[in-house]
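Enquirer: First the structure, which I've put down as structure tokens, then a few questions once you've had a look.
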Amino acid sequence: MVDRFCINILPKIHHNVKSLILDSVSMGHILLAADYPNLIELKLFNFNGKIVSRCFTDESSYRRILQRQITDLIIVFERDFNDISVKDYTTDVYGYILKFFENLKHLSIIGSYIQYYPPLVLRNLPLTTFFSSTLNKLCIRVRSFEDCLALLDNRLKKLTTLIVYIIKMEYDSSNVYNI
């Protein structure tokens with residue numbers, strides 16, 4: 004079915020495609036089926052950290068489509084994320100996504116169940132870990148209220164909309180944030 008879609012349909016409509024909603028398994032096949040000059044939005048289901056190292060790299064076959072064109076990225080975790088630690092997810096996955104997608108304006112990281120995807124953890128990490136000069140909307144889950152405050156400390160220069168789910172509402176007043 005996917006082969007037929009890629010061979011018979013996508014080559015005829017590829018120039019009109021502005022948004023794709025893909026399962027991570029079929030993502031590569033569909034992205035390589037045609038050029039998508041107007042593609043700006045990508046929604047990925049069944050996301051995990053391995054997809055970043057396989058697809059969001061300079062060596063990736065579809066880097067040219069993803070890196071400069073995508074302005075809206077929605078990542079949906081469907082399964083448990085226990086393959087790497089939460090802090091490593093912040094640096095190696097979430098932070099890397101902001102660096103890789105050069106024109107990203109909207110990033111949503113969600114899951115079919117709230118506990119099935121890793122929260123963003125910024126405590127004791129440098130400002131450059133999760134940084135963007137283009138992102139204006141972020142929807143994400145954070146571990147603590149401090150992580151939420153850290154998002155507002157000018158690391159996201161153009162952020163106008165923040166939708167956040169905070170796991171723990173505790174706050175350590177000894178930390179100072181440049182809000």
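Quick note, this note's numbering runs 3 ahead of the 1-based positions in the sequence shown. Just so it is clear, CB atoms sit at the ideal spot from N, CA and C, and this is done for glycine as well.
Determine the burial state of Ser135: buried for a count of at least 16 other Cβ atoms within 10 Å of its Cβ, exposed for fewer.
Expert: Working through the sequence shown from its first residue, we reach residue 135 at position 132. Result: buried.
Enquirer: Would you check if the segment 57–68 and the segment 113–133 touch, i.e. whether three or more CB-CB distances between them fall below 8 Å?
Expert: Segments in contact, no.
Enquirer: Straight-line CA distance for Thr94 to Thr132?
Expert: On the sequence shown, residue 94 is found 91 positions in, with the first residue counted as 1. On the sequence shown, residue 132 is found 129 positions in, with the first residue counted as 1. Answer to the nearest angstrom: the Cα atoms are 6 Å apart.
Enquirer: What residue does the alpha helix (DSSP H) around His32 start on, and which one ends it?
Expert: Here residue 32 refers to the residue found at position 29 of the sequence shown. Per DSSP, His32 belongs to the alpha helix (DSSP H) from 30–34.
Enquirer: Can we say the segment 9–16 touches the segment 43–52, given the rule of at least three CB pairs closer than 8 Å?
Expert: Touching, no.
Enquirer: Note down, in chain order, each residue of its chain lying with its Cβ closer than 7 Å to the Cβ of Leu159, except the 5 sequence neighbours on either side.
Expert: Within the sequence shown, residue 159 is the residue found at index 156, counting from 1. Result list for Leu159: Ser135, Leu138, Leu141, in chain order.
Enquirer: Give me the residue from Leu76, Ile166, Ile54 with the minimum Cα distance to Val145.
Expert: Here residue 145 refers to the residue found at position 142 when the sequence shown is read from its first residue. With distances taken between Cα atoms, Val145 lies closest to Ile166.
Enquirer: So, is Leu69 buried or exposed, given that buried needs 16 or more other C-beta atoms within 10 angstroms?
Expert: Within the sequence shown, numbered from 1, the residue matching residue 69 stands at position 66. Classification for Leu69: buried.
Enquirer: Pick from Asp75, Glu173, Val89: whose alpha carbon is nearest that of Asn41?
Expert: For the purposes of this step, residue 41 is taken as the residue at position 38 of the sequence shown. The candidate whose alpha carbon is nearest that of Asn41 is Asp75.
Enquirer: Residues in the same chain with beta-carbon distance under 8 Å from Val5, minus the five sequence neighbours each way, listed in chain order, please.
Expert: Looking up residue 5 in the sequence shown gives position 2. Hits under 8 Å: Ser29, His32, Ile33.
Enquirer: Span of the beta strand (DSSP E) holding Leu141?
Expert: Your numbering for residue 141 matches position 138 in the sequence shown. Residues 140–147.
Enquirer: Could you please give the first and the last residue of the uninterrupted beta strand (DSSP E) stretch that includes Leu165?
Expert: As a first step, residue 165 is located in the sequence shown; it is residue number 162 there, counting from the start. Counting along the chain, the beta strand (DSSP E) containing Leu165 begins and ends at 164–171.
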